[in-house]
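The sequence shown runs 2 to 281 under my numbering.
For glycine and all other residues, C-beta sits at the position ideal for the given N, C-alpha and C.
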Amino acid sequence: MVVADIDEAAAKETAELVEALGGRGHAICCDVSNLRDVEALARSAEQWFGAPTGLLVNNAGIGVGGQVVGQARTTDWERTIAVNLWGVIHGCEVFVPRMRQAGRGGIINIASVESFLPVPRMAAYNVSKAGVLALSETLAAELSGTNVIVSVVCPAFVKTNIIHPEAIDAALLPLAEAAMARYGWTAEQVARVCLNAHERGRLHVLPQRDARLMWLGKRLAPAAFTRAVGRLGRLMPSRMPPLSPPGPTASAPVAATQRNRNPEAPTPVYGDGGETTKEV
2 MVVADIDEAA AKETAELVEA LGGRGHAICC DVSNLRDVEA LARSAEQWFG APTGLLVNNA
62 GIGVGGQVVG QARTTDWERT IAVNLWGVIH GCEVFVPRMR QAGRGGIINI ASVESFLPVP
122 RMAAYNVSKA GVLALSETLA AELSGTNVIV SVVCPAFVKT NIIHPEAIDA ALLPLAEAAM
182 ARYGWTAEQV ARVCLNAHER GRLHVLPQRD ARLMWLGKRL APAAFTRAVG RLGRLMPSRM
242 PPLSPPGPTA SAPVAATQRN RNPEAPTPVY GDGGETTKEV
């Protein structure tokens with residue numbers, strides 16, 4: 002497995018975990034918001050595998066929220082879209098042509114329930130994940146009839162370190178931690194469901210029951226569903242800090258599924274042997 006992350010030390014840690022489990026791991030420093038970095042990742046992965054990448058997992062992402070539309074910082078919008086959406090676009094634009102040429106391959110794009118759940122005060126994140134969902138569905142249509150399979154994953158709570166005391170309002174922190182503890186799945190649980198569903202050719206992957214119920218509610222009664230979410234949103238505190246501190250896009254993780262690092266951590270890349278970007 003090739004593990005790509007903007008934090009090279011984190012990528013190496015994940016690669017070492019892969020090797021400790023009997024696999025082969027290779028770490029690469031990569032900023033998915035930078036097209037040239039992703040192109041270099043593709044070349045490095047093919048050289049390391051000695052074959053085309055068989056499975057790409059676009060998993061890099063950041064969470065930004067806390068402000069209503071009109072109050073959010075432009076830099077938060079730009080950073081979120083750059084990593085969460087452009088990172089996936091770059092991965093698909095670079096790896097899909099290679100998979101077409103090889104005649105086979107797989108792509109797993111990590112979205113979120115918020116790709117269809119309009120959670121208030123999370124507009125930038127919601128928009129970025131909705132874009133990932135739309136991109137994945139379009140790509141699946143374009144690749145239908147080929148041996149390149151596309152899956153988009155829309156998980157709900159996943160137990161990672163996304164909940165930081167310094168980033169979440171003190172009044173909300175106990176509620177967030179309780180919800181994560183009660184409803185959250187481990188990253189390993191989600192990964193297993195994702196890979197199994199992808200092997201079966203599933204396009205939409207909603208690992209948890211609550212994610213599937215929300216998906217059903219949105220499809221059956223979209224207007225009523227949105228109003229209900231809005232009512233819940235009005236119960237939230239009137240002021241919340243951003244969920245992630247301001248900073249350059251380069252500080253966001255790039256690739257690799259990893260234990261408790263980031264809800265959407267590094268992008269593995271698997272060789273033809275099949276990545277986050279990931280090959281198995």
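Shown here, I82 sits in a helix according to DSSP, grouped into three states.
For G106, the enclosing beta strand (DSSP E) stretches over residues 106-111.
One thing to note: N59 has its Cβ within 9 Å of the Cβ of G92. Counting only the Cα atoms, S145 lies some 30 Å from I63.
Check the Cα spacing between L118 and each of I7, L18, R228: the tightest is with R228.
Distance from the CA of F158 to the CA of S152, rounded to the nearest whole angstrom, comes to 19 Å. In the structure shown, A5 falls within a strand segment according to DSSP collapsed to helix, strand and coil.
Short of 6 Å from the beta carbon of V194, and not among the five residues preceding or following it, lie these beta carbons of its own chain, in chain order: P208. Beta-bridge partners of T76 (DSSP): none assigned. One alpha carbon belongs to Q68, the other to A124, and they sit about 8 Å apart. When DSSP reads this structure, H27 sits in a beta bridge with V3. Around V191, the same chain offers P156, V159, P208 as residues with beta carbons nearer than 7 Å, after the five sequence neighbours per side are excluded. Within 10 angstroms of the beta-carbon of L233 lie fewer than 16 other beta-carbons, which makes it exposed.
Taking C-beta separations shorter than 7 Å and ignoring five residues to either side along the sequence, the partners of S113 in its chain run K130, C155, P156, following chain order. Burial state of T139 is exposed, judged by a 10 Å Cβ sphere holding fewer than 16 other Cβ atoms. Counting along the chain, N197 sits inside the alpha helix (DSSP H) bounded by residues 188-200.
Distance from the CA of G231 to the CA of L22, rounded to the nearest whole angstrom, comes to 45 Å. Between the alpha carbons of L57 and I109 lies a distance of about 6 Å. V33 is positioned such that its CB atom lies closer than 9 Å to that of A5. Scanning its chain for C-beta atoms nearer than 6 Å, with the 5 sequence neighbours on each side dropped, one finds around A103 the residues P53, in chain order.
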